[in-house]
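Chemist: For the sequence shown, position 133 (counting from the first letter as 1) is numbered 309 according to my numbering, and the numbering increases by one without interruption. We treat Cβ as the ideally placed atom computed from N, Cα and C, and that holds for glycine. Computed from a predicted structure; not experimentally measured. Got a structure for you, written out below as structure tokens; questions coming shortly.
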Amino acid sequence: MLASTTTTQGITQSSAFWNFDNNALESFNSYDGVTSGSPSYTTSLLGHGAAISLTSSSAQYVSVSSKQVLFNSTSFTIEAWIYPISLTTSDHGIFGQCQNTITNMCLHFVSRNLLLYCGFFGNDVSGVTTLTMNQWSHVACVYDITTQTQEVWLNGVLDGTRTSSPY
């Protein structure tokens with residue numbers, strides 16, 4: 177996570193995709209990332225291409241700041257393939273977008289206490305299944321603005337749900 181943030185005028189965008197195939201470039205819409213802390217790359221899930229390897233103790237992350245994808249006041253899905261090697265009860269970021277650290281202003285998708293955790297700061301949903309170390313897992317954070325439902329998914333199975341005001 178970044179220590180400071182800058183809010184810029186966002187644009188409406190339907191999708192963004194980072195394959196992390198030996199770089200942090202976004203594949204379709206120029207939301208290219210910049211790596212920090214010199215992360216490495218490793219074999220991907222299927223053995224083709226690469227996967228980024230981030231170590232939290234080395235403060236490694238990817239920052240996307242040239243344009244901001246707006247997630248506030250809309251439905252969205254954030255998904256990723258993760259391969260945790262050693263998680264602790266601390267927060268380990270998967271995705272974040274913070275305008276301010278007050279309720280409904282800080283979108284975060286993390287592992288917390290070895291569980292998936294997604295929310296908007298102050299109104300969050302937690303999964304109930306402990307993440308498995310040394311195994312690829314597909315994870316997702318979903319928000320439906322029509323029903324005001326937050327969900328976390330683990331390997332295609334709903335792992336937590338709650339009703340929440342929009343981000």
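Just grab the DSSP bridge partners of Asp-320 for me.
Modeler: Numbered from 1 along the sequence shown, position 144 holds the residue referred to as residue 320. For Asp-320, which the question treats as bridged, DSSP gives the partners Thr-325.
Chemist: Cα separation between Thr-305 and Trp-257?
Modeler: Walking along the sequence shown from the start, residue 305 turns up at place 129. Walking along the sequence shown from the start, residue 257 turns up at place 81. Taking the straight line joining both Cα atoms gives about 16 angstroms.
Chemist: Around the Cβ of Ser-206, are there at least 16 other Cβ atoms within 10 angstroms (buried) or fewer (exposed)?
Modeler: Numbered from 1 along the sequence shown, position 30 holds the residue referred to as residue 206. Ser-206 should be labelled exposed.
Chemist: In terms of residue numbering, what span does the beta strand (DSSP E) encompassing Asp-335 cover?
Modeler: Start at 1 with the first residue of the sequence shown, and residue 335 comes out as number 159. Looking at the DSSP string, the run of the beta strand (DSSP E) that includes Asp-335 is 333-339.
Chemist: By alpha-carbon positions, which one of Val-240, Phe-285 and Gln-236 ends up nearest to Phe-296?
Modeler: Numbered from 1 along the sequence shown, position 120 holds the residue referred to as residue 296. Nearest of Val-240, Phe-285 and Gln-236 to Phe-296, Cα basis: Phe-285.
Chemist: For Gln-326, count neighbouring Cβ atoms within 10 angstroms of its own Cβ and tell me buried if that reaches 16, exposed if not.
Modeler: Translated into positions along the sequence shown, residue 326 becomes position 150. Gln-326 comes out buried.
Chemist: According to DSSP, what are the bridge partners of Ser-229?
Modeler: If you number the sequence shown from 1, residue 229 lands on position 53. Paired residues: Ser-216.
Chemist: What residue does the beta strand (DSSP E) around Gly-269 start on, and which one ends it?
Modeler: On the sequence shown, residue 269 is found 93 positions in, with the first residue counted as 1. Its beta strand (DSSP E) spans residues 268-274.
Chemist: Using the rule of at least 16 other Cβ atoms within 10 Å of the residue's Cβ for burial, across every protein chain shown, is Ile-270 buried or exposed?
Modeler: Mapped onto the sequence shown, residue 270 falls at position 94. The residue is buried, with at least 16 neighbouring Cβ atoms inside 10 Å.
Chemist: Applying the criterion that 16 or more other CB atoms from any shown protein chain within 10 Å of the CB defines a buried residue, is Ile-261 buried or exposed?
Modeler: What you label residue 261 is simply residue 85 of the sequence shown in a count that begins at 1. Burial call: exposed.
Chemist: Can you look up Ser-241 in the DSSP assignment and give me helix, strand or coil?
Modeler: The residue labelled residue 241 in the question sits at position 65 within the sequence shown. It is coil, neither helix nor strand.
Chemist: Should Ser-287 go down as buried or exposed, given a rule of 16 or more other Cβ atoms within 10 Å for buried?
Modeler: Taking the first residue of the sequence shown as 1, we reach residue 287 at position 111. Buried is the call here.
Chemist: Answer with buried or exposed for Gln-324, where buried requires no fewer than 16 other C-beta atoms within 10 angstroms of its C-beta.
Modeler: Counting from one through the sequence shown, the residue named residue 324 turns up at place 148. Gln-324 is exposed by the Cβ-count criterion.
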